[in-house]
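K.L.:
Numbering (my numbering), first residue to last: 507 to 774. Built from N, CA and C at the ideal position, the CB exists for glycine as well.
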């Protein structure tokens, strides 16, 4: 069976030849393949950001989509390349934790190391395995080559998880896991934890504290409040987000991507 849709995500940016090289390799092997770009603007080397973006988007793709994920700070080392077949999708990526969230969420049917050089480019470099190994493997898979052909089965993959939020007395302690283009700060606190906290304490009013700033506006969407005012809300992923109306919460709070921040949500 052929799987002609390949979703591509990298930290390469769009100014160099890297992304075009991946697409060229795929098109040469399978001219019928359709390629959809998830993003190429991930923070460089940021495996956790890549894992989060992939997890946030993969369920909106058609079943049998092949996801090619190249966030690879360990390129040229002994780290493996993995091919995961789940109930609904295929994933090819370096085994560095970037698939952690999706593989925890999906039912894994097969997990294999990608080692068969028949499905690599003839000439291999040590610095661009996304082009030389992963892209051709994705292309051959899209042509209907079975997973078994790519390499031996494995039972484990590297996990890289963000710290989980915790409820302590009348507080939830969490942290920032991603900053989007608009400067919204996405936390690891799910909506259900707010509901648990309210049920536990019997109180309804919530406030949020970050970097010694207290935010009391808990709103339904980004458009509430005054322009530039900080607020928090439940975003489209079901997670608490910190935002500023028509402005950047990240800039206002002087927070950058990958900064570690404690967030405390408590009843008043």
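#1: Count the CB pairs spanning the region 698-709 and the region 640-647 that are closer than 8 Å, and state whether there are at least three.
#2: Out of 722, 715, 598, 746, state which residue places its alpha-carbon closest to the alpha-carbon of residue 735.
#3: What residue range does the alpha helix (DSSP H) around residue 556 cover?
#4: Compute the Euclidean distance between the alpha carbons of residue 584 and residue 749, then round it to the nearest angstrom.
#5: For residue 736, does the three-state DSSP call read helix, strand or coil?
#6: Quick check on the burial criterion: 16 or more other C-beta atoms within 10 angstroms. Buried or exposed for residue 548?
#7: My understanding is that residue 622 touches residue 601, with C-beta atoms under 8 Å, so please give their C-beta distance in whole angstroms.
#8: Go to residue 575, then tell me how far its beta strand (DSSP E) extends in each direction, as first and last residue.
#9: If you measure from the CB of residue 713, is any heavy atom of the ligand PLP nearer than 6 Å?
#10: Can you check the region 705-751 for any beta strand (DSSP E) of at least 3 residues that lies completely inside it and give the ranges in chain order?
#11: Is the beta carbon of residue 493 sitting closer than 7 Å to the one on residue 636?
#12: So, at 8 Å on beta carbons, what are the nonlocal neighbours of residue 581 in its own chain, with the 5 sequence-adjacent residues on each side left out?
#13: Taking a contact to mean a Cβ-Cβ separation below 7 Å, would you say residue 775 touches residue 761 in this structure?
#14: Comparing C-alpha positions only, which one of 534, 516, 515, 759 sits nearest to residue 646?
#15: Check each candidate in 725, 579, 717, 509 and name the one with the smallest Cα separation from residue 568.
#16: So what does DSSP say about residue 514, is it helix, strand or coil?
#17: If residue 605 and residue 659 are in contact, beta carbons under 8 Å, what's the gap, nearest whole angstrom?
#18: Could you spell out where the beta strand (DSSP E) holding residue 680 opens and where it closes?
#19: Just to confirm, is the Cβ distance from residue 590 to residue 544 under 7 Å?
#20: Could you please give the first and the last residue of the uninterrupted alpha helix (DSSP H) stretch that includes residue 758?
P.N.:
A quick look at the data gives this:
#1: A contact is defined here as three or more CB-CB pairs under 8 Å, and the region 698-709 fails this definition with respect to the region 640-647.
#2: When each option's Cα is compared against that of residue 735, the closest is 722.
#3: Run containing residue 556: 553-563, per the alpha helix (DSSP H) assignment.
#4: Take the alpha-carbon of residue 584 and the one of residue 749: they are about 41 Å apart.
#5: Strand at residue 736.
#6: In this structure residue 548 is buried. Its beta-carbon is surrounded by 16 or more other beta-carbon atoms within 10 angstroms.
#7: About 16 Å separates the CB atoms of residue 622 and residue 601; that is not less than 8 Å, and the two are not in contact.
#8: Taken as a continuous stretch (DSSP letters only), the beta strand (DSSP E) holding residue 575 covers 572-576.
#9: Inclusion of the ligand PLP in the displayed structure is not the case, the ligand content being empty and no account of it being possible.
#10: The beta strand (DSSP E) runs lying completely inside the region 705-751 and spanning 3 residues or more are 712-716, 719-721, 736-740, 745-750, given in chain order.
#11: Summary: the structure shown does not reach residue 493, with the chain confined to residues 507 through 774, and so no result is reported for it.
#12: Sequence-distant partners of residue 581 (beyond 5 residues in either direction) whose C-beta falls short of 8 Å from its own C-beta, in its chain, are 600, 632, 633, 634, 635, 636.
#13: What the structure shows of the chain is the stretch from 507 to 774, and residue 775 is not part of that stretch, so it cannot be assessed.
#14: With distances taken between Cα atoms, residue 646 lies closest to 534.
#15: When the alpha-carbon of residue 568 is set against those of 725, 579, 717, 509, the nearest one is in 509.
#16: DSSP, read as helix, strand or coil, puts residue 514 in strand.
#17: With 8 Å as the limit, residue 605 and residue 659 do not qualify as a contact, their Cβ atoms being about 16 Å apart.
#18: First-last of the beta strand (DSSP E) with residue 680: 677-680.
#19: Not in contact: residue 590 and residue 544 (Cβ atoms no closer than 7 Å).
#20: Unbroken alpha helix (DSSP H) run through residue 758: 755-758.
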